[in-house]
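If you count the sequence shown from 1, position 44 lands on 44 in the UniProt record's numbering, and the numbers rise without skipping.
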Amino acid sequence: MRAVLDARPSRRVLLLCDSTLADPLADDIARAGLQRRSVDLLSQGACAPPLYLAEVPDEIADERLVNASIRLAVDEAMQPAPAIKRARSMSAWLATDLPLAEVAQRLILRARLRDAQGRMRILRFWDPRTTQFQSELYAGCAPASWIAGATWMSIDGFARWQALPDLPGPMQTATPDWPRLARLGQVNAVLQRLNAGGLTVGPAALEPIRRALDAAADCGIKDDEDAALFAAWRVRLDAPLERAPSFAALLREVQEEGGRLRSAVEDMDDEDWWRFARQAQAPEDRQA
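What follows is the structure, given as structure tokens:
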């Protein structure tokens, strides 16, 4: 962050915070007397705009607050995955020379996009589903700032520091590939299940997760939650889960009865799961 600020005429940095469920930095921001501006986007069932920008005019004078925001973001990335999808409270840092109100307005304009059917969609660019997959969300686009006139800095879902330069480019103008975004949502759902006990899976797991999701589609699993559950177990077992006779029988039974995989697995106790895992890892099942 200091390297980014050193390259700018102004050392101003804006904290992008999401107060949907909690606002842990609110007291620190109030004590520092920082200027705040709501970003008027309603999301996740909120009755008031949960997203806001707080302006830090001198990050050296307010070093304690900036450090607290970074620690908070790292802690949130390292925590077990939440039971429901939600944005993180500390979302991003923006180094900019633009007025606070103008940055807020640009964020609003940037987030409201129309999909292929012409429907208005809110692109939650502070959501880990998008911020940890920028290069994939805009496939073939050179990295650029989320909004013109600001260097965007964030911590992704693997607790890595990301900085998008203050450069004009396709990321500011291109409409996202909505099917690709849906696919990234599926990948993120599997990551949440794999990291339910804390951050234990790194970027190397992304390709196995994609292959597992493809296998779920080949099995005819259409429900997103069912597919995420299937893919998470396939990656965790490191075995072709869909080829295990026990799984094939379960899937066939579920399909014949018109039920869903989730209903079936919720009825399985821990002993059944361990037996299921051992069967899936047996050499003869791998060769089937």
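All C-beta atoms, glycine included, are put in the ideal place defined by N, C-alpha and C.
- In this structure the segment 101-118 does not lie against the segment 58-75, because fewer than three pairs of beta carbons, one per stretch, are closer than 8 Å.
- With a cutoff of 8 Å on beta-carbon distance, A216 and A189 are scored as not near each other.
- C-alpha of E59 to C-alpha of Q186: approximately 37 Å in a straight line.
- Between L94 and V13, the CB-CB gap stays under 8 Å.
- From the listed residues R252, D224, G149 and D62, the smallest Cα separation to D28 is found for D62.
- Scanning the segment 17-81 for uninterrupted alpha helix (DSSP H) segments of 4 residues or longer gives 26-32 and 63-78, listed from N- to C-terminal end.
- When beta bridges are read from the DSSP output, W93 appears opposite L15 and M153.
- Linking G33 to V56 through their CA atoms gives a straight-line distance of about 10 Å.
- The DSSP-derived three-state label of Q105 is helix.
- Under the three-state reduction of DSSP output, Q117 falls in the coil class, being neither helix nor strand.
- The criterion of a C-beta distance shorter than 8 Å is not satisfied by A249 and G157.
- A direct Cα-to-Cα measurement between A212 and G220 gives close to 13 Å.
- Under the three-pair Cβ rule at 8 Å, the segment 161-168 counts as touching the segment 139-149.
- Secondary structure note for W161: its beta strand (DSSP E) is the uninterrupted segment W161 to L164.
- The three-state secondary structure of I122, taken from DSSP, is strand.
- About 6 Å separates the CB atoms of L53 and V103; that is less than 8 Å, so the two are in contact.
- Residues of the same chain with a CB within less than 8 Å of the CB of L109, apart from the 5 flanking positions on each side, do not exist.
- Assignment of R112 by DSSP, reduced to helix, strand and coil, places it in the strand class.
- The Cβ-Cβ distance between P49 and V39 falls below 8 Å.
- When D223, R252, A205 and G149 are compared, the shortest CA-CA separation from R234 is found for A205.
- CA-CA distance, P245 to W178, rounds to 36 Å.
- In summary, R119 is exposed, with fewer than 16 beta-carbon neighbours lying within 10 Å of its beta-carbon over all protein chains present.
- Per DSSP, the unbroken alpha helix (DSSP H) holding F230 starts and ends at D224 to L237.
- Taking 8 Å as the cut-off, the beta carbon of T96 is found no closer than this to the beta carbon of A26.
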